[in-house]
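Written below as structure tokens is the structure these notes are about.
Residue numbers (the numbering used here): 999 to 1218.
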């Protein structure tokens, strides 16, 4: 061993001895923040490898910065490429279809099948039904009348929506009066059905209490 080599080793040992702190100062050099960050990064790496099936995109990845939308497609054609995309038919090439004359959706329009009825049509209606008149009707009649009112309300709502879309500026007042009459009829139907429900409950309670009406000579 030459003198130069021995001198270099001695100099290196002395430098290391000067750079390293004493052994009793080692606990003071412990940094909890750095340890927590290191453990967090280690857990992230473990989670990526456990739950992800794709390779990690490192900084040296060749696909870094490539757009997922504008990049080239697959190198191998898929089976779907064997079938052509269907072309929609042009409107002028379609066969004309006649409207169904008795379709249920025509109930949302007037008899003349106009989108917006005239003010004369909206103003031409009768008075609403009263509760006294409806008390003489059967349940089936009340049920049918209720759905006639519901159909008329749908028709009024359709015409009102069409007026607002076209910004016509007429017919709202007449349609409002017609709608109010329909609502009064439905309110009277509810009132009559409520009376019948209370009467039936009272009769059932009396029957449960032991009351039996005298039926002798009732049907003679």
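Using N, Cα and C, we set each Cβ at its ideal position, and we do this for glycine too. Bear in mind that the values here come from a model prediction, so they are computed numbers and not experimental data.
What do you reckon, are the CB atoms on residue i and residue j nearer than 7 angstroms?
i: residue 1151; j: residue 1180; result: yes
i: residue 1145; j: residue 1187; result: no
i: residue 1114; j: residue 1160; result: yes
i: residue 1173; j: residue 1120; result: yes
i: residue 1129; j: residue 1190; result: yes
i: residue 1156; j: residue 1106; result: yes
Residue i and residue j look like a contact to me (Cβ under 8 angstroms); what is the Cβ gap, rounded to whole Å?
i: residue 1154; j: residue 1140; result: With 8 angstroms as the limit, residue 1154 and residue 1140 do not qualify as a contact, their Cβ atoms being about 21 angstroms apart.
i: residue 1104; j: residue 1111; result: 6 angstroms
Please classify residue i: does DSSP put it in a helix, a strand, or coil?
i: residue 1109; result: coil
i: residue 1097; result: coil
i: residue 1047; result: In this prediction, residue 1047 scores a pLDDT of 48, lower than 50, which makes its location untrustworthy; no coordinate-derived value is stated.
i: residue 959; result: Residue 959 cannot be examined here, being either before or after the span of the chain that is shown, 999 to 1218.
i: residue 1189; result: helix
i: residue 1134; result: coil
i: residue 1091; result: helix
With distances taken from CA atoms, which of the options is nearest residue i?
i: residue 1118; options: 1171, 1147 and 1064; result: 1171
i: residue 1147; options: 1185, 1062, 1122 and 1102; result: 1185
i: residue 1134; options: 1069, 1175 and 1193; result: 1193
i: residue 1116; options: 1062, 1167 and 1060; result: 1167
Provide the residue span of the alpha helix (DSSP H) that contains residue i, from first to last.
i: residue 1141; result: 1137-1164
i: residue 1210; result: From DSSP, residue 1210 is part of no alpha helix (DSSP H); its letter is neither H nor E.
i: residue 1117; result: 1117-1121
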